Amino acid sequence: MTDLTPETFEEEKYVDYFPKLQTAYKRAFNEMNEEYDSDLVHRIDQQILAESEPHYEGDGEFTVDLPEDPLERLDGVLASDEKVDAVLERYIQEIRTQLRRIFGVGDEKA
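Written as structure tokens, this is what we have:
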């Protein structure tokens with residue numbers, strides 16, 4: 000889908016593009032779950048990323064806005080803030096990669 004624009008993405012992301020968003024987040028979750036502690040990945044997914052907001056910036060670039068104070072949202076995590084922050088950052092990178100693949104923009108293709 001090379002005709003994707005930031006405006007179209009914002010208008011359609013929770014209508015026509017919602018299944019693609021779900022797929023991107025699920026693929027990112029599966030990738031992260033294989034690499035990192037599954038409890039930490041699951042908590043990040045449910046307590047932070049469930050309220051995240053993806054945006055298409057154009058030129059094959061996506062961003063993911065997080066809720067305010069994301070690390071404070073985590074309950075029951077037995078990991079340092081530094082570790083959680085590093086895993087969260089890697090998770091966001093994986094979501095962005097999956098979004099590029101699914102929407103066929105940038106260097107990543109489905």
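So the sequence shown is numbered by numbering that gives the first Met the number 0: it starts at 0 and just counts up by one.
By construction, the Cβ of each residue, glycine as well, lies at the ideal position given by its N, Cα and C atoms.
Note that the coordinates shown come from a computational prediction; the quantities given were computed from them, not determined experimentally.
DSSP places residue 55 in the strand class (E or B) of the three-state scheme.
Residue burial is scored here from C-beta neighbours: residue 23 has at least 16 other C-beta atoms within 10 angstroms and is therefore classed as buried. Residue 71: not part of any alpha helix (DSSP H); DSSP gives it neither H nor E. Rounded to the nearest angstrom, the gap between the Cα atoms of residue 16 and residue 93 is 18 Å. Beta-bridge partners assigned by DSSP to residue 63: 53. Counting only residues of its own chain and dropping the five nearest sequence neighbours on each side, residue 105 has a CB closer than 8 Å to the CB of 58, 59, 60, 99. Shown here, residue 104 sits in coil according to DSSP, grouped into three states, outside any helix or strand. By the Cβ test, the region 67–87 is in contact with the region 26–39, since at least three Cβ pairs between them sit closer than 8 Å. With respect to the C-alpha of residue 42, the residue from 95, 55, 87 having the closest C-alpha is 87.
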